[in-house]
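Data block below; observations after.
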Amino acid sequence: MSTAKDLFIIAMDPRPDRAVGQGDLSLALAGAELIDLLGAQAAVLDGDRIVPGGQPDLNDELLAEASSALSRQTPYERVEDWLWRRGRDLSASYQAALEEAGHLTRGRRGLLPFGTDRLEVADTPVHRRALSRWEADEPVLASLAATVGVREPRSEDEPGPDDEAVTTVLAVVGDAVMELEAVRQRRSIENAAFANVWRVP
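As numbered in the working numbering, residues -5 to 195 make up the sequence shown, in order.
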């Protein structure tokens, strides 16, 4: 099981006051994939550039797909560029994969027979593994979850990852999510201004 899948499952836990944006989650999933690729020695960081390593048996289809997607030409891809490229619609890919594998199920909202379908996390060993990492406050998973708003940001007193490359990836993920939020706010302001132009006095 990958960190990205664990993150997706944790993000699916119902939190009415903390809806996770699909764009934010996609960026964080791409970061989680990169962290797992670093851990598997399928890639290393040279500064902020991703240098492909060997191609180990990753035993995870989406992670293997991520490994194959690494740029293998110099100058190698920057972490930020990877997040935006790999992260495009990535949350939808994880949803489809987890649903197909039976880790997500379709439930019905309320008691009405024609109620709206909603996805729920199935009680499987995969779900329990994600919860175990979450309850153990595993630094990488907790940091990624905080970035997308699933939990409060980690305090400076809490231990972080002990790997410099992982810390770099987490920082770039945080910057990318903030950049996406800035774009959203700018568009919201522009749309509101446009609507005011056409509003009848």
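Here a beta-carbon is modelled for each residue, glycine too, at the ideal position from N, C-alpha and C.
Pull up the CB-CB distance for L1 and L135, whole angstroms please, since I reckon it's below 8 angstroms.
6 angstroms
Counting Cβ pairs closer than 8 angstroms, one from the region 157 to 164 and one from the region 142 to 149, do we hit at least three?
no
How long is the line joining the alpha carbons of L23 and A170, rounded to whole angstroms?
12 angstroms
Give a yes or no on whether the C-beta atoms belonging to L31 and L39 are separated by under 8 angstroms.
no
Helix, strand or coil for R198, going by three-state DSSP, please let me know.
Outside the displayed span of the chain (-5 to 195) sits residue 198, for which this structure offers no information.
Assigned secondary structure, P10 (DSSP; H/G/I helix, E/B strand, else coil):
With a pLDDT of only 47 at P10, under the threshold of 50, the placement of this residue in the model should not be trusted; the figure read from the coordinates follows. Correct three-state label for P10: coil.
Once the 5 residues before and after G48 are set aside, which same chain residues still bring their CB inside 7 angstroms of it?
Q35 and A36
Out of P69, T68, R80 and E74, state which residue places its alpha-carbon closest to the alpha-carbon of S61.
R80
Exposed or buried, T(-3), counting other C-beta atoms within 10 Å across all chains shown (16 or more means buried)?
buried
Between the Cα of I3 and those of R180, L92 and S65, spot the shortest distance and give me the residue it belongs to.
L92
Buried or exposed: where does D18 fall if 16 or more other Cβ atoms within 10 Å of its Cβ makes it buried?
buried
Which residues does DSSP pair with R145 in a beta bridge?
In DSSP, R145 forms no bridge with anything.
Reduced DSSP category for R100 - H, G, I as helix; E, B as strand; rest coil
strand
For P46, does the three-state DSSP call read helix, strand or coil?
strand
Taking just the CA atoms, how far does P153 sit from L125?
19 angstroms
Would you decide whether I44 is buried or exposed? Buried here means 16 or more other CB atoms lie within 10 Å of its CB.
buried
Between which residues of its own chain and D196 is the CB-CB distance below 6 angstroms, once the five residues before and five after are set aside?
As displayed, the chain neither begins before -5 nor continues past 195, which places residue 196 out of reach and without an answer.
Kindly indicate which residue of L56, V73 and I29 has the alpha-carbon position closest to the one of Q89.
L56
Take the Cβ of T68 as the centre, count every other Cβ of all protein chains shown within 10 Å, and call the residue buried at 16 or more, exposed below.
exposed
Within the 8 angstroms Cβ cut-off, does T(-3) reach chain D?
Among the chains of the structure shown, chain D does not appear; only one protein chain is present.
Near M6, which residues of its chain fall below 8 angstroms by C-beta distance, leaving aside the five closest residues on each side in sequence?
L98, L113, E114 and V115
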